[in-house]
Amino acid sequence: MAQLQPLGRPGSWTARQLWRRGEDPDALAHLALRTTSPAVLDALALGATGGDLTLEQLVRGGGARPLPGGAGHVAALALALAGLARRGEELELAADLYEALWSRGLLPALAARHHQGLAQSFFLAGRHDLLRQALGDLTRLPAAVRHDLEVDLANPYLGPQPPAVSTAAHAEWERLLAARFTDAGLEPVTVTPPSDPQDEGHLFDRLGSAPGLAGTATGGPLVSVIMPCYRPDEGLLTSLASISAQTWGELEIVVVDDASGPGYAEIFERALATEDRARLLRLDRNGGSYLARNAALAQARGELITVQDADDWSHPRRIEHQARALLDDPAAPASRSLAVRARDDLTHQWFGYRAVRDNASSLMVRRTVIDRIGPFAPIRKGADSEYAERLTSQAGPLLDTGSPLAITRLRAGTLSRGDFTYQWASPERLAFKGTYRAWHRQEGVPDPGRGLPFPVPRTFLRGLDSFPDWDRLAVAYLGDLSQDPTHDGMAPDLDLLDPSASGQRDAPAGPAQQGDAGRTGLWHLEAVPPAAATRTEMHDGWFDRIVRSDGRLVPLTRLEDVRVQLLVVLDPRVLVLAGAQPCRVRVDEVEVWLEPSLLHPDRSGLPVDLLTVADVCSTWFGRRPRWVPAPHLDEVARAELGDLVPGLLHPCARQVDRDVGSRQGA
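If you want my numbering, it's the 1-based position in the sequence shown plus 39.
Below is the structure:
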C-alpha cells in the first residue's frame, strides 16, 4: 500500500510526480491555470529551485534567492502565478521571477507568451518604470500588446494621487488611445480632461469623438438599439450618449429597466431626458439581459436590430458601418464589429489577453431573420454565443466589419468576466457550449428562443420559470470523457448510455428518491498526468448522446447544485488535481474504479496518489470513497490489483449497470 502513504502536505506526492516526469513547464503552467492546483504550482516551484522549495517556501523567501532550476520552469511559474490573479503577493512574486530572468539575459530563449507575461505582470504590479526599461528587450512581444502597453504607460492620470496633467501629456496619450480607430479610417476617440486631477469620475465616462457627426448618415432603414440595464450607474449616461451621437439618423432606442427597483428611477430619468428617440421599458421581474432583450424585441420597430451594453461606449460610426455592411450584402443575416476592452481608468491590461476582441454585444440582425430563427434563449448568461451559433447554422455566416467600433468596459465581478481568466473557463460555460453545439448539429432545429431543447446549467436559469424541477440524480459517471464514445478503445457496454438502446436503467440499491426520474449524469474532468498544454473537453459524441436522450442524460459539472445518490469515478486521475476548486454537487456514495495500470509507477517512479483522491472525495462530498476493481477487468487483473492494494478493495461495484462507463481510455 505504498501509494497511500503521504509525502509531506496533501498533494506533495503528485507535485513530485509531475516534476519528476519531466513535463513541459509551459504545459504545467497551463494545467495550473485550469485547475488552480497547489500541487501543480509546487511542481513548478520544485523545477524552478532544482527540487529544493515548494511554492509556499518560495513565497516566504520573497523569490529573491538564487533559482538553480531551468529558465523554463521559472518563467512557467511566473506565468501561472500572474495568470491566476488571486493575491497581490503572488503577482509580486511573478514579477520578481520575470525580473530575475530579464536581469540574467534569458528573455531571448523564452516564448512570446512570456514576453507578454513579463510586460503585463510588470504593469499590473505597478512597476511601470521597470516596464519602460524592459520594453526594448521584449523582442517577441506581439505588436498589438506592445501598442496597448505604450498607450497605458502614456496615461498621465495613473497613480493614487495623479499630478496636474499638462495639455501636451494629455494630447499624446489621447493620440495613442485613438490610434486603433484612426488606423481604421475612423474619427479619433477623445477624452475630456478632468477639471481637477482628484476628480473621482471615471475617465471611461469622459469618452467622446469628433463633434457634429450625429445624424449625418440619412436615408437608411430604421435601426432599433436595445439597451438592457440592471441597477445602472453613470455608465448608462455614457452608453446612451454614444448612441445619441451615432451618424445613422434613423434610430429608435429601447432602454430596458430589468426590475432595478425604485432607487434607480432618477438615473433612468436623467438618461432618457437627453434623447427624444429613447423610450423606457420597465420589467416587473428581473430575468437578466437576454430576457430583457427579448421583451424589447417584441416592441422594436426597426428593420435592423442591435444591442448595446449599458456601460459601454460606441464610436459614432458603429451603427452606420454595420448597417451598410448588411445593405451591401442582402444575403447576410447579421453583422458584428470589434471592440477595444478598457477599464474605468482607460487602461487595457487583463493578464494574458489582448485588448481588441470580437464584440458580441454589437450584433446587428435583420428583423426578418429574428422572426425566422427566434429571439435569444431565455437564460441569464451565455445566450450571445448560442445565438451566434444559431445564426450561422440556420441563416448563414455573420459579416464582420474587421474594425473596432466600440470601447467595452472591463470590470471585475461582471457575469462574463467571472467566467473567464487566462487559460480557464467556467465548466458550466464549456458544458453549455457542448450541448448547444450538439443541438445545432441536428437537422430541423426548432427555435430555442421559445424553449430550452437542450440542457442548460442551473445557474443560468436561477430565478426563471425554466429552472429545472428536479435536483437529484440516481447515478452519475465522472471520468475523462474526451474520447469518442464509439472509439475502438472504449468498452462496448458504453453503448448502454445511448438513448436508442432498449431497456431501462436499474436504480441504485436502496429507496429511490423523488426527482431521480432515471436521469444519469455525465461529468467530464481531464485525467492527469500527463500534463496537457491545452484543455481537454468532453467529446462531441457524448454531447450528441445527451441531446438525443430526451433528458435521460444530463451534463454535470462541479458547480451544479444537485444531489447524486451514487457517483462512479471511472478514473481516479481526474480527481488528483481537483480539490482546489469549489464543488456544489452533493453525493451520498462514491465509488472509484481501479485497475492495475494506474497503480504501477510511471516514469516519475510514482503511481497515482490515491490518498489525494480520497482527500478530494472527503473535501468535495464529505464521503470517503469505496475502491472497487473496474468491472471490465478479468480475474488475472483483479488478482494483480488485490496484490497492489491488499485489503483496500471492495469486492465489486454496485449493481448499477456495472459495465456502463468502463474506464475511459486511461
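All C-beta atoms in this analysis are idealised placements derived from N, C-alpha and C, irrespective of residue type, glycine included.
Since this is a predicted model, take the numbers as computed values, not measurements.
Using only CA atoms, which one of the options lies nearest to residue i?
| i | options | result |
| --- | --- | --- |
| arginine 677 | Leu649, Thr651, Ser636 and Asp654 | Ser636 |
| alanine 434 | Thr559, Glu467, Arg450 and Gly413 | Gly413 |
| proline 227 | Asp235, Arg214 and Thr447 | Arg214 |
| proline 77 | Thr88, Ala66 and Leu94 | Leu94 |
| aspartate 187 | Ala203, Phe582, Pro199 and Leu170 | Leu170 |
| aspartate 510 | Leu595, Pro147 and Pro466 | Leu595 |
| isoleucine 409 | Arg357, Val295, Leu598 and Arg340 | Arg340 |
| histidine 671 | Leu680, Arg663 and Pro664 | Leu680 |
| glutamine 338 | His354, Arg318 and Trp352 | Arg318 |
| threonine 75 | Ala124, Val624 and Trp52 | Ala124 |
| cysteine 268 | Thr573, Glu289 and Leu322 | Leu322 |
| threonine 651 | Asp81, Ser588, Leu80 and Gly618 | Gly618 |
| alanine 298 | Leu279, Asn325 and Asp315 | Asn325 |
| serine 328 | Leu688, Ala416 and Leu145 | Ala416 |
| glutamate 359 | Ala87, Met266 and Ala253 | Ala253 |
| alanine 133 | Leu92, Leu180 and Ala84 | Ala84 |
| tyrosine 137 | Arg126, Ala335 and Ala121 | Ala121 |
| aspartate 627 | Asn194, Cys656, Pro646 and Asp589 | Cys656 |
| alanine 445 | Asp523, Tyr196, Ala150 and His354 | His354 |
| glutamine 172 | Leu192, Pro181 and Ala310 | Leu192 |
| arginine 55 | Leu92, Leu72 and Ala66 | Leu92 |
| aspartate 244 | Gly251, Leu279 and Trp212 | Leu279 |
Between the alpha carbons of residue i and residue j, how many angstroms are there, rounded?
| i | j | result |
| --- | --- | --- |
| arginine 476 | glycine 580 | 11 Å |
| glycine 175 | alanine 218 | 21 Å |
| leucine 520 | isoleucine 282 | 46 Å |
| threonine 658 | aspartate 397 | 39 Å |
| phenylalanine 220 | leucine 177 | 25 Å |
| serine 263 | glycine 108 | 59 Å |
| arginine 270 | valine 230 | 25 Å |
| glycine 50 | aspartate 458 | 26 Å |
| proline 569 | alanine 158 | 30 Å |
| histidine 69 | alanine 119 | 7 Å |
| leucine 275 | proline 202 | 29 Å |
| alanine 249 | valine 190 | 20 Å |
| leucine 614 | valine 567 | 9 Å |
| leucine 536 | proline 690 | Confidence is the limiting factor: at leucine 536 the pLDDT is only 47, short of 50, which leaves the residue's position unreliable, though a coordinate-based value still follows. Rounded to the nearest angstrom, the two C-alpha atoms are 24 Å apart. |
| methionine 40 | valine 608 | With a pLDDT of only 31 at methionine 40, under the threshold of 50, the placement of this residue in the model should not be trusted, and no figure is reported. |
| serine 442 | serine 376 | 6 Å |
| arginine 574 | valine 395 | 23 Å |
| proline 664 | leucine 512 | 18 Å |
| proline 550 | arginine 419 | Only weak support exists for where proline 550 lies, its pLDDT of 37 falling under 50; the value from the coordinates is given anyway. Distance between the alpha carbons of proline 550 and arginine 419 is about 35 Å. |
| tryptophan 287 | glycine 302 | 33 Å |
| alanine 112 | alanine 87 | Note that residue 112 is histidine in the sequence shown here, rather than alanine. Roughly 5 Å separates the two Cα atoms. |
| arginine 591 | arginine 429 | 24 Å |
| alanine 707 | valine 293 | Lying outside 40 to 705, the shown extent of the chain, residue 707 is not represented and no answer is given. |
| alanine 207 | isoleucine 265 | 39 Å |
| leucine 687 | histidine 563 | 26 Å |
| alanine 546 | glycine 557 | Because the pLDDT of alanine 546 is 40, which lies under 50, any placement of that residue in the model is unreliable, and the question is left without a value. |
| aspartate 384 | proline 199 | 12 Å |
| leucine 533 | proline 524 | Unreliable positioning characterises leucine 533 in this predicted model, as indicated by a pLDDT of 47, which lies under 50. A coordinate reading is not provided. |
| threonine 313 | glycine 247 | 16 Å |
| aspartate 610 | glutamate 576 | 16 Å |
| leucine 311 | glycine 421 | 29 Å |
Give the DSSP bridge partners of residue i, in chain order.
| i | result |
| --- | --- |
| isoleucine 344 | Ser263 and Val404 |
| alanine 373 | Val404 |
| glycine 144 | According to DSSP, which records beta bridges pairwise, glycine 144 is partnered with nothing at all. |
| serine 353 | Ala445 |
| cysteine 268 | Asp296 |
| aspartate 439 | Arg375 |
| arginine 665 | Glu630 |
| histidine 563 | Gly518 |
| tryptophan 287 | Ala256 |
| arginine 625 | Arg602 |
| proline 594 | Leu561 |
| alanine 317 | Ile292 |
| threonine 229 | Gly247 |
Would the C-beta of residue i count as close to the ligand COA, meaning under 7 Å from any of its heavy atoms?
| i | result |
| --- | --- |
| aspartate 367 | With respect to small molecules bound, the structure shown includes none, and the ligand COA cannot be examined in it. |
Does any C-beta atom of chain C lie closer than 8 Å to the C-beta of residue i?
| i | result |
| --- | --- |
| glutamate 128 | Protein chains in the displayed structure number just one, and chain C is not present. |
Review point. Would you call the segment 341-354 and the segment 400-413 in contact, with 3 or more CB pairs under 8 Å?
Key: With the cut-off at 8 Å, the segment 341-354 and the segment 400-413 touch.
Review point. Between the segment 55-62 and the segment 642-651, do at least 3 Cβ pairs fall closer than 8 Å?
Key: By the C-beta criterion, the segment 55-62 is judged to be in contact with the segment 642-651, since at least 3 inter-stretch pairs fall below 8 Å.
Point to revise | Complete runs of the alpha helix (DSSP H) confined to the segment 57-93 [at least 4 residues] | key: If we require 4 residues or more, the alpha helix (DSSP H) runs fully inside the segment 57-93 come out as 64-74 and 77-87.
Check your understanding: Okay, do the segment 460-480 and the segment 376-395 touch, 3+ Cβ pairs below 8 Å being the bar?
Key -> With the cut-off at 8 Å, the segment 460-480 and the segment 376-395 touch.
Review point. Does the pairing of the segment 492-500 with the segment 465-472 give three or more beta-carbon distances under 8 Å?
Key: At 8 Å Cβ cutoff, the stretches touch.
Practice item. Answer yes if the segment 362-382 comes into contact with the segment 145-165, meaning at least three C-beta pairs across the two stretches below 8 Å, and no otherwise. Key: These segments do not touch.
Exercise for review: Let me know the alpha helix (DSSP H) ranges lying completely inside the segment 460-522, each 4 residues or longer, listed in chain order.
Suggested key: The qualifying runs are 466-480.
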